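In what follows, a structure is listed as structure tokens, so that the remarks can point back to it.
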Amino acid sequence: MTSVKTLKTLPSFLYGTAWKKIETRDLVKQALLAGFRGVDTAAQPKHYREDLVGDGIRDALELYPGKLTREDLYIQTKFTPIHGQDPSDLPYDRSLSIAEQVHASVKSSLQNLKHSKDPDQPAYIDCLVLHSPFPSIVETQQAWTAMETHVPVSVRTIGVSNVYSLFVLRQLYDFATIKPKVLQNRFYRDSGYDADIRVFCREKAITYQGFWTLTANPHLLKSDVVGSVAEAAAVSRPVALYALVLGLGNTSVLNGTTNMKRMHEDLDGVQAIRKWKDTYSEAWNKAVRAFEGLLA
Numbered sequence: 256m257t258s259v260k261t262l263k264t265l266p267s268f269l270y271g272t273a274w275k276k277i278e279t280r281d282l283v284k285q286a287l288l289a290g291f292r293g294v295d296t297a298a299q300p301k302h303y304r305e306d307l308v309g310d311g312i313r314d315a316l317e318l319y320p321g322k323l324t325r326e327d328l329y330i331q332t333k334f335t336p337i338h339g340q341d342p343s344d345l346p347y348d349r350s351l352s353i354a355e356q357v358h359a360s361v362k363s364s365l366q367n368l369k370h371s372k373d374p375d376q377p378a379y380i381d382c383l384v385l386h387s388p389f390p391s392i393v394e395t396q397q398a399w400t401a402m403e404t405h406v407p408v409s410v411r412t413i414g415v416s417n418v419y420s421l422f423v424l425r426q427l428y429d430f431a432t433i434k435p436k437v438l439q440n441r442f443y444r445d446s447g448y449d450a451d452i453r454v455f456c457r458e459k460a461i462t463y464q465g466f467w468t469l470t471a472n473p474h475l476l477k478s479d480v481v482g483s484v485a486e487a488a489a490v491s492r493p494v495a496l497y498a499l500v501l502g503l504g505n506t507s508v509l510n511g512t513t514n515m516k517r518m519h520e521d522l523d524g525v526q527a528i529r530k531w532k533d534t535y536s537e538a539w540n541k542a543v544r545a546f547e548g549l550l551a
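Counting in the numbering used here, the sequence shown runs from 256 upward without gaps.
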């Protein structure tokens, strides 16, 4: 099992790097310089440039030696099964067994995300996420067992993504020797906002990571409760929505903005709401209850 010393607090915001293409390097650097301390990527060339994520991390670390270190960062990547890959651009040989695919993918990720050229500072991943379950539980279990072998040396914790069935999540949890520490799902109405899954995650100390928080929820952005929090705390509606999702408890959110100004506004805005709710806790608690009602 991973020792407590190796585990970091998961940041409230993770910078999402999907679909950034050639701009990935510069955007990751900008995000880290703006104050993001968590970065989410994947060994999935179809949608991510994991190699450029690593370049951006190294750029930021080199700009502020001693002030920003690898230990300050939470770097998360994913093993993506073959059904989620572009067959013409794979991070592993498709003829390998599932376990061997996992090992090859992790090896590639460690090379891409290496934070230093110093051999005495080996690369590591804070969280390795299974990008989605396989079609069968047996295949999913094979991948999970292979992921477990990398903990706690090259990988600190493991998690899973795109699980919208509590039955499937419970199956994996009960099977696992090393339990998932995160579940990353699309936060949207079609799944009922994962109400039962979020309860399970809270009970099992699994952090729920939401993505598509803004994109999938224009109706929430327009809601009265989001507007009232935004007005009271003097922040934008997107910031208020992010804060209310975080206010559900046991959650973090992916933020993939490509705008430097928005990076600062989002980070500063969530901090502003935290200060506001310390003073106006009754109003905040009422807002969270109203927000939970919108998700029901």
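Where is the CB? At the ideal position from N, CA and C, for every residue including glycine. The structure displayed is predicted, hence computed values, not measured ones.
Just how far apart, CA to CA, sit residue i and residue j?
i	j	result
G548	C456	19 Å
S258	P407	Unreliable placement is indicated for S258, whose pLDDT of 37 sits below 50; no coordinate value is reported for it.
N505	S267	10 Å
R280	E537	42 Å
P320	K434	35 Å
K260	D479	With a pLDDT of only 42 at K260, under the threshold of 50, the placement of this residue in the model should not be trusted; the figure read from the coordinates follows. Going from the Cα of K260 to the Cα of D479 covers about 43 Å.
I277	L307	8 Å
F430	Y448	25 Å
A378	G414	19 Å
W467	A315	26 Å
M518	L287	10 Å
N540	G290	27 Å
K372	A551	50 Å
T296	E305	6 Å
K322	F334	31 Å
H370	G271	18 Å
G309	Y443	30 Å
K532	Y303	36 Å
A545	Q526	21 Å
T332	S363	11 Å
H405	C382	11 Å
E355	K301	20 Å
N514	E486	23 Å
Please tell me whether residue i and residue j are closer than 8 Å, where the distance is taken between their beta carbons.
i	j	result
S409	L365	yes
L269	S507	yes
V384	Q340	no
I528	A471	no
I312	L265	no
K459	Y428	yes
A298	S360	yes
A398	P336	yes
V357	M402	yes
L417	S387	Per the sequence presented here, residue 417 reads as Asn, with Leu not at that position. Their beta carbons are under 8 Å apart, which means N417 touches S387 by this criterion.
D375	L421	no
I380	R425	no
V481	L469	no
G465	V500	yes
V543	E520	no
V294	I330	yes
L318	R292	no
What is the DSSP secondary structure of residue i, reduced to helix, strand or coil?
i	result
Q331	strand
D429	helix
F268	strand
T506	strand
S363	helix
R517	helix
D533	helix
T400	helix
W539	helix
Q340	coil
H405	coil
T241	This structure does not reach residue 241, given that the chain is present from 256 up to 551, and the question cannot be answered.
T395	helix
H370	coil
R349	coil
L549	helix
D375	coil
L323	coil
K263	coil
A273	coil
Among all the DSSP beta bridges, which residues are the ones paired with residue i?
i	result
I380	V410
V415	L385, L438
Verify the CB distance criterion: does residue i have a CB-CB separation below 8 Å to chain B?
i	result
Q356	Absent here is chain B; the protein component of the structure consists of one chain.
Original post:
Which ranges would you report for the alpha helix (DSSP H) in the region 280 to 319 if only whole runs of at least 4 residues count?
Top reply: 305 to 318
**OP:** Please list the segments of the alpha helix (DSSP H) lying wholly inside the region 431 to 504, counting only runs of 4 or more residues, in order along the chain.
**Re:** 450 to 458, 473 to 476, 479 to 488, 492 to 501
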